Every structure is written in structure tokens, then in C-alpha cells.
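See structure below.
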């Protein structure tokens, strides 16, 4: 096991690895002041930054090095689905949202929150978001198939079923 390090703080977590061996996750900054999306590439650690707020997290990385996750914006207490190309962060919008996975074509999947009826599985193709219904999209393969869980239309959020679309 190799300790990949932090951004000066005490903690870090790895969430994904691509075919080139790049690892994506998050690390605490100096003094544990914040948590930032991070990519480790051999001996180099890259702080991906945020959308202006204090914290961000990386959840997946594709073979092109595009990273998905979530970030907070300046003055905002909610998370926004985010894609990083290198150290440039792009807010995918769509309100309160988290991006969990990205395929090699750049299709991003995750969840967005509706005050009306909770979490919705969401897919982003570039800046365009599509609502897949109540649920959470957790993974996308290179064929574009999406795996996750369906929350149904009238059941409690804990009553989930595995889904594929």
C-alpha cells in the first residue's frame, strides 16, 4: 500500500482510478480547514479546487482524466454536480446535485434534489441535464448504460430497487 498523502491536512480518501493509474478522491487542506477534490498521479498531487466555496469531492475519473464530483459555490451551503478538466471546474447546475460517475465519452451521472419529491437520478451530456425520475444514478459504462437505484413514486426513500437504463 502507498500513502498518497493529503493537501496538508490529516485526512484523504481515494474513490476511483482510471486506466492510466490516476486516482481521484478528496483530501483535507492545511489545518483541516477544507476538503478539496484531489487527483494523485504518481508522485504528483493536484488540488482541483472548488466552485468558490470551501469544499469539494471527487467521485470518479475517466481515462481522459476528467473528474466528477461535487463542490460548493461561494456563499452557498448546497452541493453542485461538478466536472473538472485538469484544474478547471465546471458547475453542471441543476440545483442541489452530486455527480457520481463519468464514462470515457464524458457522460456524467448522479443525483439532483427536488423539494417536491426528493432525489432524482440525473444524466448530464455536457451542460444538458436529463431527469431520469426518482432515484440515484451511480455508474455509467462506455456503452452509455446507467446503473443505480429507483426510489419509486410513492414509497419511502429507503425502499430502493436496483435499476439499469
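Numbering (this note's numbering), first residue to last: 713 to 877. Think of the CB as a built atom: it goes at the ideal place given N, C-alpha and C, for glycine as much as any other residue. Bear in mind that the values here come from a model prediction, so they are computed numbers and not experimental data.
Taking 8 Å as the cut-off, decide whether the C-beta atoms of residue 860 and residue 846 are in contact. no
Taking Cβ positions, are residue 794 and residue 802 nearer each other than 8 Å? Less than 8 Å separates the beta-carbon of residue 794 from that of residue 802.
Are the beta-carbon atoms belonging to residue 740 and residue 747 less than 8 Å from one another? yes
Going by other Cβ atoms of all chains shown within 10 Å of its Cβ, with 16 needed for buried, is residue 832 buried or exposed? buried
Unbroken beta strand (DSSP E) run spanning residue 822, endpoints: 819-826
From what residue to what residue does the beta strand (DSSP E) around residue 861 run? Residue 861: member of the beta strand (DSSP E) spanning 858-862, first to last residue.
How would you call residue 837, buried or exposed, if buried means at least 16 neighbouring beta carbons within 10 angstroms? With fewer than 16 other Cβ atoms within 10 Å, it is exposed.
Give the range of the beta strand (DSSP E) segment to which residue 876 is assigned. 873-876
Buried versus exposed call for residue 823 [16 or more other C-beta atoms within 10 Å across all chains shown]: It counts as buried.
Residue 833 lies in the beta strand (DSSP E); which residues open and close that run? 830-837
Residue environment, residue 755, which counts as buried when at least 16 other CB atoms sit within 10 Å: The residue is exposed, with fewer than 16 neighbouring Cβ atoms inside 10 Å.
Using a Cβ-Cβ cutoff of less than 7 Å, which residues in the same chain neighbour residue 819 once the five nearest sequence positions on both sides are dropped? 835, 837, 852 and 856
Do you know offhand how far residue 731's Cα is from residue 839's? 26 Å
Starting from the C-beta of residue 774, find all residues in its chain whose C-beta is less than 8 Å away, skip the five residues before and the five after it, and write them out in chain order. 730, 814, 815, 816 and 818
Residues in the same chain with beta-carbon distance under 6 Å from residue 726, minus the five sequence neighbours each way, listed in chain order, please. 735 and 737
Distance check for residue 728 and residue 784, CA to CA, integer angstroms please. Taking the straight line joining both Cα atoms gives about 21 Å.
May I ask you to report which of helix, strand or coil DSSP gives residue 744? helix
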